[in-house]
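Be aware that the sequence shown starts at 1, since it is given in the UniProt record's numbering, and climbs by one per residue.
Before any comments, here is the structure.
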Amino acid sequence: MKDRGIEKIPGCSLIELDGAVFEFFAEDSEHPQLKEIYEKVEEMIDKIKMAGYVPNTADARLDVDECEKEVSVSHHSEKLAIAFGLMKLHPGATIRLSKNLRVCTDCHSATKLISKVYNREIVVRDRNRFHHFKDGSCSCNDYW
């Protein structure tokens, strides 16, 4: 693709907290609280794995091994934004974010489980629609 001048648009998720907008990119390395955010992502992934989550690496980069693909999908922008929301919002508060691209299959299934495990409503506006995740289900009925 690169030799034809085609580039993939990086995934970007936005979350608003206390009047400030925070921006996260896939595999972000710029946020000032990056260490804490990645620790929260690891905790999140561990908890949802105990609830049955299996990473879907079909949407990951093709040029890396399976282990690196799992790490890559765990660092998608919406997972970083959700982890930040879990860190900063009071327990039970709805997490709302918007994303510039369509939510991938892995993030969709992970967010369903995050909503159940953390007992949170999570609203994601992606390129195509609003997804309301609650109690392990999504308002799109897994059709998006």
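The beta carbon of each residue, even a glycine, is placed where N, CA and C say it ideally should be.
In this text, all values refer to a predicted model and were calculated from it rather than measured experimentally.
What runs of the alpha helix (DSSP H), each 4 residues or longer, lie entirely inside the region 20-75?
-> 34-50 and 66-74
By a C-beta neighbour count over all protein chains shown, 10 Å radius and 16 as the cutoff for buried, is residue 83 buried or exposed?
-> buried
Closer than 7 angstroms, CB to CB, is residue 94 near chain C or not?
-> No chain C is present in this structure, which holds just one protein chain.
Residue 69: which of 26, 128 and 18 sits nearest, CA to CA?
-> 26
Integer-rounded CB distance, given that residue 107 should sit under 8 angstroms from residue 79 | 6 angstroms
May I have the straight-line CA-CA distance separating residue 134 from residue 66, to the nearest angstrom?
-> 30 angstroms
Contact check, residue 53 vs residue 14, beta carbons under 7 angstroms | no
Extent of the continuous alpha helix (DSSP H) run through residue 114 | 105-117
Is the CB-CB distance between residue 126 and residue 96 below 7 angstroms?
-> no
7 angstroms Cβ shell around residue 136 - same chain, five flanking residues per side excluded | 112, 113, 115 and 116
Just to confirm, are residue 45 and residue 74 a CB contact at a threshold of 7 angstroms?
-> yes
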